[in-house]
Structure formats: C-alpha cells, structure tokens
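One structure is given below, encoded as structure tokens.
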Amino acid sequence: MLTPELASKFAALALGHVRREYPYKPDHVLAGPEDAKRPSELHPIFHGSFDWHSCVHGFWLLLRLLREYPDLPEAGAIRALADEMMVPEKVAGEVAYLARPTAAGFERPYGWGWLLKLHAEAAQHDAPWVAALEPLARAFAARFHAFLPKLTYAIRVGTHFNTSFALTLADDWAATHDPALRALIGERARAWFTGDRDCQAWEPGGDEFLSSALCEVRLMQRVLGDEFEDWFANFLPRAAQQQPASLFTPAVVSDRSDGKIVHLDGLNLSRAWCWKTVAGSVSDSGVRAAALDAADRHIAASLPHVAGDYMGEHWLATFALLALMGD
284 MLTPELASKF AALALGHVRR EYPYKPDHVL AGPEDAKRPS ELHPIFHGSF DWHSCVHGFW
344 LLLRLLREYP DLPEAGAIRA LADEMMVPEK VAGEVAYLAR PTAAGFERPY GWGWLLKLHA
404 EAAQHDAPWV AALEPLARAF AARFHAFLPK LTYAIRVGTH FNTSFALTLA DDWAATHDPA
464 LRALIGERAR AWFTGDRDCQ AWEPGGDEFL SSALCEVRLM QRVLGDEFED WFANFLPRAA
524 QQQPASLFTP AVVSDRSDGK IVHLDGLNLS RAWCWKTVAG SVSDSGVRAA ALDAADRHIA
584 ASLPHVAGDY MGEHWLATFA LLALMGD
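Residue numbers (the numbering used here): 284 to 610.
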C-alpha cells in the first residue's frame with residue numbers, strides 16, 4: 284500500500300526532475316535551422332524529466348499525491364510549482380507547439396493520454412490549474428477525435444505507441460469532460476478487441492514497459508462494464524491456473540542504467556496496475572487470487588528500484604503510484 288513515507292519519496296523524486304532540463308530526449312521535427320531550440324523554449328511547462336511525456340506524468344504524480352496527502356512535507360513545493368507552471372501564458376506556448384505543421388504526430392498516443400489524465404487530476408483540486416490546462420486538453424482531445432476513426436488496426440506493442448494504454452487514460456478524462464470522445468473510445472475498442480480469444484501473451488519484449496495483453500484487459504474493463512467478465516473468461520481462459528505463465532512472471536531487469544532495459548521495471552509495475560483491475564472485476568475466486576498474487580509479486584520485483592539511476596528515476600515512480608493506488 285502507499286504510505287505517507289513512500290508518497291514523500293515519490294514527490295521528492297518528481298520535484299527533482301520535472302524542472303531538470305537536461306538530459307532531454309525531444310520528440311521534435313526540425314523544419315529548418317531556426318527550429319533547433321532548447322527544451323524550455325519549445326515547451327514552457329513540460330521541458331524536464333528527460334522527455335515531454337515523462338514530465339507530464341511527473342506533474343500528474345505530484346498533483347495526485349497532493350490530493351491523497353495534502354499535508355505531505357512536499358505539499359507547499361508542489362502547490363508553488365503548479366501555480367508557477369500551470370498558467371495560461373505557458374499553456375499557450377504548449378498549444379502553439381502543437382500547431383506546428385511538423386507536430387501532427389507529436390507524442391501520439393502516449394503523451395496525449397497522459398495530458399488528459401493530468402487535466403482530469405487538476406480538476407480534482409480547488410485551484411486555477413484545471414482552467415489553465417483546458418485549452419491543451421481540448422487540443423489533444425481533438426486529436427483523438429480525428430485520429431481514432433482512421434486507426435484501422437490497434438497498435439499492440441508494449442511501448443509508447445500502445446493504443447489500449449493511451450485510451451484507458453483518455454477514457455478516464457472523457458468520462459467527465461467529453462462524452463462524445465468516450466463513446467468513440469468504446470466504439471473503437473469494441474471493434475478492435477471484442478473478438479480476441481485465448482491470448483497467447485508473447486511478451487515481454489526486451490524494452491517493453493506495458494503489457495500488450497493486460498493493457499487491452501484494462502481498457503476493456505472500462506468499456507464493457509457488466510460484459511467484461513465474460514469477455515475476460517474467453518480472453519484469458521486459464522488465468523486461475525496462472526497461464527500464460529509469461530503474464531504472471533515478473534520481468535528480469537539486467538541493467539537499470541540502460542534506458543531501454545529499465546523499461547521492464549515499468550512493465551512489472553504497469554502489470555500490477557492491470558492485475559488489480561482484474562481482481563476487482565471478476566467473481567471467480569481463483570482468478571481473483573491469481574491476479575492479486577501476480578500484482579504483489581510484480582510490485583515486489585520493481586518497487587525497490589524506482590530511484591538510483593536517472594534512466595528509471597525520471598518516470599518509474601509514476602508507474603509505482605498507478606500500481607499502488609489502482610488509478
């Protein structure tokens with residue numbers, strides 16, 4: 284479970300990197316020499332945490348912890364940071380970046396989903412942050428509206444391009460802020476995934492931080508409602524026997540200084556997040572027990588390693604928080 288001590292550790296980590304401009308890995312297309320600018324010139328808010336999307340979910344982590352523990356020792360620093368950064372003029376700079384002709388595919392879809400989840404979290408606070416972020420959230424929602432109807436095939440990889448993970452985050456936001464987008468997400472998810480049966484779970488790949496199989500499960504739990512349990516019984520019919528074994532076995536991380544290999548710590552934590560959803564959504568006691576056991580073992584494998592090397596430190600606490608809170 285999340286404790287105040289662990290929350291304080293996560294908050295300190297995020298406060299240490301969301302403003303750290305270098306090293307930085309941009310998702311940036313140069314149309315000419317004039318486009319070669321430092322991260323903070325391109326992104327007035329999200330120029331830390333090694334890359335744009337990690338900075339976005341670093342801010343989400345801070346606001347989520349602030350809501351859970353308003354008296355956290357870091358609470359004042361979190362509020363001051365949000366007051367400084369989540370303001371209309373800085374948001375306007377982020378929106379302007381999206382208007383660049385070369386930015387059509389910027390952060391699609393992972394960063395899109397995380398920005399909407401950040402806005403959904405900001406809406407839980409009595410602060411001007413949600414109103415300031417609204418234009419940026421609407422800009423990304425518009426991109427989802429335009430993109431999803433032409434995405435003929437779901438992207439099932441275990442990295443940033445995974446369709447299910449991004450739509451799970453977006454659906455959380457759309458439930459309150461955009462009913463039409465939520466309906467579109469449900470329509471597309473059903474079209475892509477309703478017929479999936481007996482998942483073989485050929486994972487993980489060597490640099491994956493998301494489970495293709497379990498992210499699909501997480502999305503379908505949101506989309507299907509009362510129909511989910513029947514769908515899940517067909518999708519993973521031997522879950523009570525902990526099969527396929529690959530989904531129940533934490534990944535081994537051989538080098539946490541390698542920015543790709545350390546993704547596997549994120550896989551362990553995001554799988555735990557998904558397994559908790561399964562445990563709370565099925566009536567079969569065998570499946571529930573297997574899911575909870577898998578969640579516990581995956582958390583135990585990677586929670587001790589959220590700090591230590593910047594390649595994991597700039598993002599892993601977010602996935603640890605997802606796993607612990609079930610958000």
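We put the CB at the ideal spot given by N, CA and C, even for glycine.
Sorting Arg303, Tyr305, His336, Leu325 by C-alpha distance to the C-alpha of Phe602 places His336 at the top. If you look at Arg303, you'll find it isn't in any alpha helix (DSSP H); DSSP assigns it neither H nor E. For Pro520, the CB contacts under 7 Å within the same chain, skipping 5 residues up- and downstream, are Asp481 in chain order. Straight-line measurement puts the Cα of Val561 at about 8 Å from the Cα of Arg501.
The way I'd put it, the segment 407-421 doesn't touch the segment 440-453; fewer than three beta-carbon pairs between them come closer than 8 Å. Around the beta carbon of Asp548, 16 or more other beta carbons lie within 10 angstroms, which makes this residue buried.
Counting only residues of its own chain and dropping the five nearest sequence neighbours on each side, Gln525 has a CB closer than 6 Å to the CB of Phe531, Ala573.
Ranked by Cα distance from Asp490, the options Tyr380, Met594, Gln483 are led by Met594. Pairing Asp576 with Glu510, the inter-Cα distance amounts to about 24 Å. The continuous alpha helix (DSSP H) containing Tyr380 extends over residues 371-381.
Excluding residues up to 5 positions away in sequence, Phe423, Arg426, Phe427, Ala449, Ala453 lie with their Cβ nearer than 8 Å to the Cβ of Trp395 in the same chain. Between the segment 460-469 and the segment 428-444 there are three or more C-beta pairs closer than 8 Å, enough to call the two in contact. 8 Å or more divides the Cβ of Ser323 from the Cβ of Arg303.
In the three-state scheme derived from DSSP, where H, G and I count as helix and E and B as strand, Met503 is classed as helix.
Taken in chain order, the whole alpha helix (DSSP H) runs of length 4 or more contained in the segment 395-468 are 412-430, 446-460. If you compare the alpha carbons of Ser566, Val545, Leu344 with that of Ala584, the shortest gap goes to Val545.
Shown here, Cys482 sits in coil according to DSSP, grouped into three states, outside any helix or strand. For Leu604, the CB contacts under 8 Å within the same chain, skipping 5 residues up- and downstream, are Leu285, Phe293, Leu344, Arg347, Leu348, Asp610 in chain order. Between Leu552 and Cys498, the alpha-carbon positions lie close to 12 Å from each other. Comparing alpha carbon positions, the residue from Ala406, Leu416, Ser566 closest to Glu377 is Leu416.
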